[in-house]
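FYI, in this note's numbering the residues of the sequence shown are 1045 to 1398.
C-beta: ideal position from N, C-alpha, C; glycine also.
Contents: one structure, followed by commentary.
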Amino acid sequence: MYQKKIRVFVVDDSSLFRQMIITHLNAQPNIEIIGYAINAYDAGQKIPRMKPDVITMDVEMPGLNGIEFLKQLLPKQPIPVVLVSSLNLSVFDALSAGAVDFVRKPDMTKNNSKEMFFRNLSSKVTAASRAKVRLPGQQRSASPANANAATPPRAFPPLTRNVLDSTLIAIGASTGGTEATLAVLRQLPANVPGIVITQHMPEGFTAMYAERLNRLCQMEVREAKNGDMIRPGLALLAPGALQMEVVSIPGGYSVKCYPGEKISGHRPSVDCLFNSIARNVGIRKVGIIMTGMGRDGADGLLQMRQKGAFTIGQDKESCVVYGMPMVAYNIGAVCTQAALDNIPTVLMNHLSRP
């Protein structure tokens, strides 16, 4: 049966890099390049006329940068955008402006770095073709207008010391998850049970993402290091390129971070984290699976539920990509589905129950 190809438009000011992207993506059986632009102004002229399914775009370009361009383009042309970025904080501003995902630029001196980049780019373009563009303002907690404001959390009743000390919360997300995780965490109070997070993200970016969350949220957030203790008021983010598990130690729980094999196609993997919690954690558990392509985390969330965890899946309408939460729901891993903006309330209501 004939399958319609994904029509991709490439925006990059480097002629060498632009041609490499075009050559690679054109070689994929499910993708065709319909055009390119050498800067944002050029793109602004061509994109409305060509109507691509997906745009790949360099964040840092001369003249109008990628972030400002997205703010102008997406309200009028809500097309999924995959960013191509160096290790730079601006990628998170671009995601906040409505881009659906990003790929880290390769080290051009290393063949395996280029191969990984092109493999990731193809995969993310495919995922983006099924994504919903979520514009700033559609999720009030993720809009650039308040992205750097110290907005107070919702007024939830304070949790008891027993709940804080005897509960562990785990969150897993992929495509669209950087903004979704921020939307949830920034509505939670400083005094929450210990949180562990796996977000599919390249090495280097997880440290910057954790710093961003730490700046915008009430609880402390940091990139996990092997051996970090899980405690109330702290959220630990799995480091890029490492697996993260929760392990039992005298007096509580800590994280184990190690360069293991990919699980469910990912490192870090949500399944790896969730499975370790089902296996090793004896206290009250909550698992939250959010927007993302594929099924990573679904089996692990089922394991958690079977061990007595309360589990939440993000609903279809509020997901950028309803993949991971859909599979989790379909296999019976989800106790309740909730819209992104309602997940903090569902979580806190559950924790407040005796």
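Using a 10 Å radius around the Cβ and a threshold of 16 neighbouring Cβ atoms, would you call residue i buried or exposed?
i       : result
ALA1382 : buried
SER1130 : exposed
GLY1220 : buried
PRO1398 : exposed
ALA1084 : buried
THR1100 : buried
LYS1149 : buried
SER1210 : exposed
VAL1289 : The sequence as given places Glu at residue 1289; Val does not occur at that position. GLU1289 comes out buried.
PRO1202 : exposed
ARG1093 : exposed
GLN1287 : buried
GLY1326 : exposed
So, are the CB atoms of residue i and residue j less than 8 Å apart?
i       : j       : result
GLY1344 : ASP1315 : yes
VAL1172 : VAL1098 : Per the sequence shown, the amino acid found at residue 1172 is Ala instead of Val. Yes, the Cβ-Cβ distance between ALA1172 and VAL1098 is below 8 Å.
MET1334 : PRO1369 : yes
GLY1079 : LYS1090 : yes
ALA1251 : GLU1264 : no
ARG1198 : PRO1388 : yes
PRO1312 : THR1204 : no
VAL1371 : ALA1342 : yes
LEU1212 : LYS1306 : no
ALA1214 : PHE1053 : no
VAL1364 : VAL1169 : no
ILE1274 : SER1298 : yes
SER1278 : ARG1230 : Correcting the residue type first, residue 1278 is Leu in the shown sequence and not Ser. No.
LEU1114 : ALA1081 : no
VAL1055 : ALA1087 : yes
ALA1217 : LEU1384 : no
LEU1440 : PRO1237 : There is no way to answer for residue 1440, as the model of the chain reaches only from 1045 to 1398.
LEU1281 : GLN1262 : no
ILE1066 : ILE1077 : yes
PHE1162 : HIS1068 : yes
Alpha carbon to alpha carbon, how far is residue j from residue i? Give it in angstroms, no decimals.
i       : j       : result
SER1187 : ALA1141 : Model confidence at SER1187 stands at a pLDDT of 38, short of 50, so the residue's coordinates are unreliable and nothing is read from them.
ALA1122 : PHE1146 : Note that residue 1122 is Pro in the sequence shown here, rather than Ala. In a straight line, the C-alpha of PRO1122 is about 17 Å away from that of PHE1146.
TYR1253 : ALA1071 : 33 Å
TYR1373 : SER1058 : 43 Å
ALA1189 : PRO1294 : Its pLDDT being 37, under 50, ALA1189 is placed unreliably by the model, and the measurement read from it follows with that caveat. Straight-line Cα distance between these residues: approximately 45 Å.
THR1355 : ASP1272 : 24 Å
LEU1127 : ASP1151 : 16 Å
ILE1075 : VAL1240 : 36 Å
MET1392 : ALA1234 : 13 Å
GLU1361 : GLN1347 : 26 Å
CYS1379 : PHE1061 : 46 Å
GLY1309 : GLN1063 : 28 Å
VAL1291 : PRO1246 : 24 Å
GLY1110 : LEU1118 : 12 Å
Need the endpoints of the alpha helix (DSSP H) that residue i sits in, please.
i       : result
PHE1318 : 1314-1324
GLY1344 : 1342-1350
LEU1226 : 1221-1229
THR1250 : 1249-1260
VAL1364 : Looking at the DSSP string, VAL1364 is not in any alpha helix (DSSP H), and its letter there is neither H nor E.
Starting from residue i, trace the beta strand (DSSP E) in both directions and tell me its first and last residue.
i       : result
GLU1289 : 1287-1293
LYS1115 : Per DSSP, LYS1115 belongs to no beta strand (DSSP E); it is in the alpha helix (DSSP H), 1110-1117.
THR1411 : This structure does not reach residue 1411, given that the chain is present from 1045 up to 1398, and the question cannot be answered.
ILE1332 : 1328-1333
SER1129 : 1125-1129
VAL1147 : 1145-1148
ARG1205 : That residue, ARG1205, is in no beta strand (DSSP E); its alpha helix (DSSP H) goes 1205-1209.
In the structure shown, what three-state DSSP assignment does residue i receive?
i       : result
ARG1093 : helix
GLU1076 : strand
HIS1310 : strand
PHE1162 : helix
LYS1300 : strand
THR1355 : strand
LEU1280 : strand
GLN1243 : strand
VAL1169 : helix
MET1273 : strand
ASP1057 : coil
GLU1305 : coil
GLN1381 : strand
At least one CB of chain B closer than 8 Å to the CB of residue i: is that the case?
i       : result
LEU1232 : Note that chain B does not occur in the displayed structure, where there is just one protein chain.
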